[in-house]
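Numbering-wise (this note's numbering), the sequence shown opens with residue 1370 and increments by one. One structure below.
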Amino acid sequence: MSAADVVIVGAGPAGLSAAIELRRRGAGRVVVYERELQAGGVPRHTAHLGYGMRDLHLVTTGPRYAARLTRTAERAGVEIEVGRTVHSCADGSVTTTGATGPTTVQAGAVMLATGVRERPRAARLVPGDRPAGVLT
C-alpha cells in the first residue's frame, strides 16, 4: 500500500485547484482520482466563453480552461490518475479500481470534489424548491 499526504476525489476545477494550492503550500504527495478518462470536469464539455475570469483573470472556453488547470496541476507535481473509481474510504485508506486493477492508498487527508452536472432540459421543468447553494 502506498501513501499520500492528500487524496482528492474528482479532477474538475475544484479538485485540480485544491491540489495546485496544496502543492504550492508545501504538501508532499497529492493524488487526484478521476473516474473519467480525462481530467477537467464539466468545462471540458462546454465550449462557451466565460471560464477563467476570476482565477486566471482571462476569458477562455471550458476546454481550454480545463486543459490549463490540468497542465498547471501536473507542473506543480500533482499526480492525476484518470479512469479510476473510488470504491471505499475508511480510516484514511482509499481504494480505487480501474483498467490496471484495484489500488489502495493510505491518505493523511481526503477531499471530496466530485463536481456538478448541468441539469438536462427535462429536469428544469420539474417544479419545486431547490436549495440555494447546494450542489449535488
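C-beta atoms are modelled at their ideal positions from N, C-alpha and C, and glycine is treated no differently. Quantities reported herein were computed from a predicted structural model and do not represent experimental measurements.
- Taking A1476 as the centre and dropping the five residues before and after it, the same chain places the C-beta of A1373, V1376, G1461, V1463 closer than 6 Å to its C-beta, in chain order.
- Per the coordinates, the alpha-carbon of C1458 lies some 31 Å from the alpha-carbon of D1424.
- Per DSSP, the continuous beta strand (DSSP E) segment holding G1467 begins and ends at 1462 to 1467.
- With fewer than 16 other Cβ atoms from the protein chains shown falling within 10 Å of its own Cβ, T1473 counts as exposed.
- Scanning its chain for C-beta atoms nearer than 6 Å, with the 5 sequence neighbours on each side dropped, one finds around Y1434 the residues P1412, Y1420, G1421, in chain order.
- Fully enclosed beta strand (DSSP E) runs of no fewer than 3 residues occupy 1448 to 1451, 1453 to 1459, 1462 to 1467, 1472 to 1481 of the stretch 1427 to 1486, in order along the chain.
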